[in-house]
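A.B. asks: Take a look at the following structure, please.
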């Protein structure tokens, strides 16, 4: 399989069956070997990305978008791939991330399976995918891979970084490891370090995947992944991404048309979860999922200083920050958004904080763009 | 194996290996065949119970305690079994459920595995346990089994019913199906019907157990139950029983001493969940768990009238009610406690409602008896 670089040229390099690069995602190959946060080495690292709007050429009008755990770089549609992106309503001419003004650049996270190098990628010797032999990944590695990709583009500094969920962690890691390389930060439903409830949920999701006999200690044939485990892990994910209030409004105790006489679905909420799980399972490599999920648990701003406060103080160079949180978020609760905003203020960064009253929980930035778009647009208009 | 009846005499009848009756639990055998809410028939139904304090003989000083999903009838220690019960701090002379004044009677739920008949019990022909051939159980069946047991004791009416969690649902079912048989109701962290978030969590727990290859469609050898699935289901349970706030306070991001280099535990919260899961797994039969869990999802007060309001109105005969809820409960949230209290008030029942500020979530009635005891004692003193 061949990839396409920034100029539209094809690039050499094979992709494993577990990789699922969207048609418009381009590839930048990082020079030399990539050194991870934990000290391992990965040769031939590739980073997939998509972009919208005209680049100024030096990054000065670029907004970098880091994604949550599961999306690809296909955040919005484009000529080469008109299918809607995962943040379609937010990116485009006149939209919140206004491509008339900004060059919006979204990276597929290192460790993911949508074009960037990760456990689903082929080993350097081409002998099958890395799988669990891939070295431990941290959020810091996703940040550094992006920074190295920006080097390749010749962008010494970008205008701003936008990061929802895991992407907000990646943004913080980027700003801490590569000081001065962005002027503004927009953090959405993220955290300076995962809370134990979030760790518990993700740890259990990983255990569920690993307990599936088809996982085979991570050495499943790519065409026979542990779909049952992934399906259940995704259902648990949904229970943490949305909110009890939203489900009470949307589903209540509505029954399915043909209730299962045994232990199968009887309620609409069960069908809803099953449909979401089925959609996810085909699309995401289980080992990549394990790696990214673990990286989220392990991320802690405190690792970048003597403690969290001292680490946050290193972000003093930011010209502004905006922290958005959602009242009904149980995975990255409002308290964590407030703590992040306080940390940025403590660093002397002019920071605005908004608690949005959406009922869609952690997923509100995807599910309730009507509420997010005006706040995001307003902040970006002012920077 | 032999059981012991109310008088301390041994009773005949075999128990299956999946049954785990505590030493002090006595058995009452229900006469004739038990007819379930769904119309099935179960012969030879036995109900396990324990009691504390002197019975008046007619139930007039009896407080019936219905349990949550997992406990046995051993709610408190006694001479025959000095091990602490699941509500040890609440039951005894001078305690909230004051055995100087009340005769406290706790039933093991029908369908459970601690002495009462359920999927882990032997079939009528003695040929192995019922397992998944046991008919579908509803909360109403647990209530009716208790009512029939009270018939055997000659208690036409009891002073009050106390029900936490699933026990609160059982209490409502008892009061609706057997009107006039109790004078007072104390409901703790329960609901008139499960919310979709709770259904989602429990449905996923059941799926996790069923996906364990050792479940074998419910026909596992009793000595080889699906422990892996049960362990993960219990961890998910813990995440819904406690609260994110409590874990943030207790565990934060504290690491384990020897972090697993792979996908195993790195944080204390993971060890805590593992320890809780291990404790549960040996003690509870997986099929019984599936039956009780499903029954909780299916319970709806609305099934006892034209709608919820009309059904609740049938409880007008209660002399008083007390509804307790916990602010941090995500499984049976405060909104549901308020709805229950409103329903009782709508029925003309003098109802008091307390929202306790405990941080232990749904489990607070077990974990924070210091907060519960005074409120419960005060209510019971006045009835």
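Residue numbers (our numbering), protein chains in the order written: chain D, 78 to 460; chain R, 78 to 460.
Glycine included, C-beta positions come from ideal geometry on N, C-alpha and C.
So is residue 278 of chain R in contact with chain D if we call contact Cβ pairs under 8 Å?
C.D. replies: Translated into positions along the second chain, residue 278 of chain R becomes position 201. At least one chain D Cβ lies under 8 Å of residue 278 of chain R.
A.B. asks: Rounding to the nearest angstrom, what Cα-Cα distance links residue 299 of chain R and residue 95 of chain R in this structure?
C.D. replies: Here residue 299 of chain R is taken as the residue at index 222 of the second chain, counted from 1. Here residue 95 of chain R is taken as the residue at index 18 of the second chain, counted from 1. Distance between the alpha carbons of residue 299 of chain R and residue 95 of chain R is about 6 Å.
A.B. asks: Does the distance from the CB of residue 511 of chain D to the CB of residue 321 of chain R come in under 8 Å?
C.D. replies: This structure cannot settle anything about residue 511 of chain D, because the visible part of chain D is limited to 78 through 460.
A.B. asks: Check whether the Cβ atoms of residue 317 of chain D and residue 180 of chain D sit closer than 8 Å, and answer yes or no.
C.D. replies: Within the first chain, the letter at position 240 stands for residue 317 of chain D. Within the first chain, the letter at position 103 stands for residue 180 of chain D. Contact flag unset, no.
A.B. asks: CB-CB under 8 Å to residue 163 of chain D, same chain, minus the five flanking residues each way: which ones, in chain order?
C.D. replies: Within the first chain, the letter at position 86 stands for residue 163 of chain D. The residues are 144, 148, 149, 151, 152 and 443.
A.B. asks: Which residues in chain D sit within 9 Å of residue 99 of chain R, going by Cβ to Cβ distance?
C.D. replies: Here residue 99 of chain R refers to the residue found at position 22 when the second chain is read from its first residue. Per Cβ cutoff of 9 Å: no residues; residue 99 of chain R is ~28 Å from chain D at best.
A.B. asks: If you measure beta-carbon to beta-carbon, which residues of the region 239-253 of chain R are closer than 7 Å to chain D?
C.D. replies: Within the region 239-253 of chain R, no residue places its CB atom closer than 7 Å to a CB of chain D.
A.B. asks: Check whether the region 228-238 of chain R and the region 122-137 of chain R touch, using three or more Cβ-Cβ pairs below 8 Å as the test.
C.D. replies: With the cut-off at 8 Å, the region 228-238 of chain R and the region 122-137 of chain R touch.
A.B. asks: Grouping DSSP H, G and I as helix and E and B as strand, with all else coil, what is residue 346 of chain D?
C.D. replies: Walking along the first chain from the start, residue 346 of chain D turns up at place 269. In the structure shown, residue 346 of chain D sits in a helix (DSSP, three-state: H, G or I).
A.B. asks: Quick check on DSSP: helix, strand or coil for residue 276 of chain R?
C.D. replies: Here residue 276 of chain R is taken as the residue at index 199 of the second chain, counted from 1. Looking at residue 276 of chain R - three-state DSSP - the assignment turns out to be helix.
A.B. asks: Would you decide whether residue 335 of chain D is buried or exposed? Buried here means 16 or more other CB atoms lie within 10 Å of its CB.
C.D. replies: Position 258 of the first chain holds residue 335 of chain D. Per the 10 Å Cβ criterion, exposed.
A.B. asks: I'd like to confirm the pairing. Which residues does DSSP put opposite residue 120 of chain D in its beta bridges?
C.D. replies: Position 43 of the first chain, counted from the start, is the residue given in the question as residue 120 of chain D. BP columns for residue 120 of chain D point to D:110.
A.B. asks: Return the residue from the list D:354, D:388 and D:328 that minimises the CA-CA distance to residue 253 of chain D.
C.D. replies: Indexing the first chain from 1 puts residue 253 of chain D at position 176. Measuring from the Cα of residue 253 of chain D, the nearest candidate turns out to be D:388.
A.B. asks: Mind checking which residues open and close the beta strand (DSSP E) that includes residue 183 of chain R?
C.D. replies: Within the second chain, residue 183 of chain R is the residue found at index 106, counting from 1. Where residue 183 of chain R is concerned, the enclosing beta strand (DSSP E) stretches over 180-184.
A.B. asks: Chain D partners of residue 438 of chain R, CB-CB under 8 Å?
C.D. replies: Counted from its first residue, the second chain places residue 438 of chain R at position 361. The contacting residues do not exist; residue 438 of chain R stays about 10 Å from chain D at best.
A.B. asks: Cβ closer than 8 Å: which chain D residues qualify as neighbours of residue 347 of chain R?
C.D. replies: As a position in the second chain, residue 347 of chain R is number 270, starting the count at 1. Those are 276, 277 and 280, listed as they occur along chain D.
A.B. asks: For residue 168 of chain D and residue 423 of chain R, I'd like the C-alpha separation in whole angstroms.
C.D. replies: Walking along the first chain from the start, residue 168 of chain D turns up at place 91. Walking along the second chain from the start, residue 423 of chain R turns up at place 346. Cα to Cα, the separation comes out at about 51 Å.
A.B. asks: How would you list, in chain order, the residues of chain R whose beta-carbon sits under 8 Å from the beta-carbon of residue 344 of chain D?
C.D. replies: Stepping through the first chain from its first residue, residue 344 of chain D is reached at position 267. Those are 273, 276, 280 and 374, listed as they occur along chain R.
A.B. asks: Against chain R, with Cβ distances strictly below 8 Å, would residue 441 of chain D count as a contact?
C.D. replies: On the first chain, residue 441 of chain D is found 364 positions in, with the first residue counted as 1. Judged by the 8 Å Cβ criterion, residue 441 of chain D is not in contact with chain R.
A.B. asks: For the region 282-303 of chain D, enumerate the residues whose C-beta is nearer than 7 Å to any C-beta of chain R, in chain order.
C.D. replies: 283, 284, 285, 287, 288 and 290
A.B. asks: For a contact defined as C-beta to C-beta under 7 Å, what are the partners of residue 410 of chain D on chain R?
C.D. replies: Looking up residue 410 of chain D in the first chain gives position 333. Per Cβ cutoff of 7 Å: 321.
A.B. asks: At 8 Å on the CB atoms, spell out the chain R contacts of residue 324 of chain D, in chain order.
C.D. replies: Here residue 324 of chain D refers to the residue found at position 247 when the first chain is read from its first residue. Within chain R, the residues near residue 324 of chain D are 272, 273, 274 and 277.
A.B. asks: Going by DSSP in three states, residue 404 of chain R sits in which element: helix, strand or coil?
C.D. replies: In the second chain, counting from the first residue as 1, residue 404 of chain R sits at position 327. It is coil, neither helix nor strand.
A.B. asks: Would you please verify whether the beta carbon of residue 449 of chain D is less than 8 Å from any beta carbon of chain R?
C.D. replies: Your numbering for residue 449 of chain D matches position 372 in the first chain. No, no contact with chain R.
A.B. asks: Are residue 124 of chain R and residue 277 of chain R close, meaning C-beta to C-beta below 8 Å?
C.D. replies: Translated into the one-based positions of the second chain, residue 124 of chain R becomes position 47. Translated into the one-based positions of the second chain, residue 277 of chain R becomes position 200. Cβ atoms of residue 124 of chain R and residue 277 of chain R: not closer than 8 Å.
A.B. asks: Tell me the residue span of the beta strand (DSSP E) that contains residue 238 of chain R.
C.D. replies: Locating residue 238 of chain R in the second chain gives position 161, counting from the first residue. Run containing residue 238 of chain R: 235-241, per the beta strand (DSSP E) assignment.
A.B. asks: According to DSSP, is residue 139 of chain R helix, strand or coil?
C.D. replies: If you number the second chain from 1, residue 139 of chain R lands on position 62. In this structure, residue 139 of chain R counts as strand in the three-state DSSP scheme.
A.B. asks: Just the Cα atoms here: how many angstroms apart are residue 407 of chain D and residue 324 of chain R?
C.D. replies: Numbered from 1 along the first chain, position 330 holds the residue referred to as residue 407 of chain D. Numbered from 1 along the second chain, position 247 holds the residue referred to as residue 324 of chain R. Roughly 13 Å between the two C-alpha positions.
A.B. asks: I need the straight-line Cα distance from residue 315 of chain D to residue 350 of chain D, nearest angstrom please.
C.D. replies: Within the first chain, residue 315 of chain D is the residue found at index 238, counting from 1. Within the first chain, residue 350 of chain D is the residue found at index 273, counting from 1. Roughly 7 Å between the two C-alpha positions.
A.B. asks: Taking the DSSP output, what are the residues bridged to residue 104 of chain R?
C.D. replies: Working through the second chain from its first residue, we reach residue 104 of chain R at position 27. Per DSSP, R:125.
A.B. asks: Would you mind listing the alpha helix (DSSP H) stretches within the region 370-453 of chain D that are 4+ residues and don't spill past its ends, in chain order?
C.D. replies: 385-390, 411-423 and 441-444
A.B. asks: Check the Cβ-Cβ distances between residue 218 of chain D and every residue of chain R, and say whether any is below 8 Å.
C.D. replies: Counting from one through the first chain, the residue named residue 218 of chain D turns up at place 141. For residue 218 of chain D, the answer is no, since every Cβ of chain R falls outside 8 Å of its Cβ.
A.B. asks: Residues in the same chain with beta-carbon distance under 6 Å from residue 425 of chain D, minus the five sequence neighbours each way, listed in chain order, please.
C.D. replies: Position 348 of the first chain, counting from 1, holds the residue named residue 425 of chain D. 393.
A.B. asks: Going by C-alpha to C-alpha distance, which of R:98, R:120, R:133 and R:101 sits closest to residue 108 of chain R?
C.D. replies: The residue you call residue 108 of chain R lines up with position 31 of the second chain. Comparing Cα-Cα distances from residue 108 of chain R to each of R:98, R:120, R:133 and R:101, the minimum goes to R:120.
A.B. asks: Closest to residue 262 of chain R by CA distance: which of R:289, R:246, R:286 and R:271 is it?
C.D. replies: The sequence position of residue 262 of chain R within the second chain is 185, counting from 1. With distances taken between Cα atoms, residue 262 of chain R lies closest to R:246.
A.B. asks: Could you check whether the Cβ of residue 305 of chain D sits closer than 8 Å to any Cβ belonging to chain B?
C.D. replies: Chain labels in this structure do not include chain B; the protein chains are D and R.
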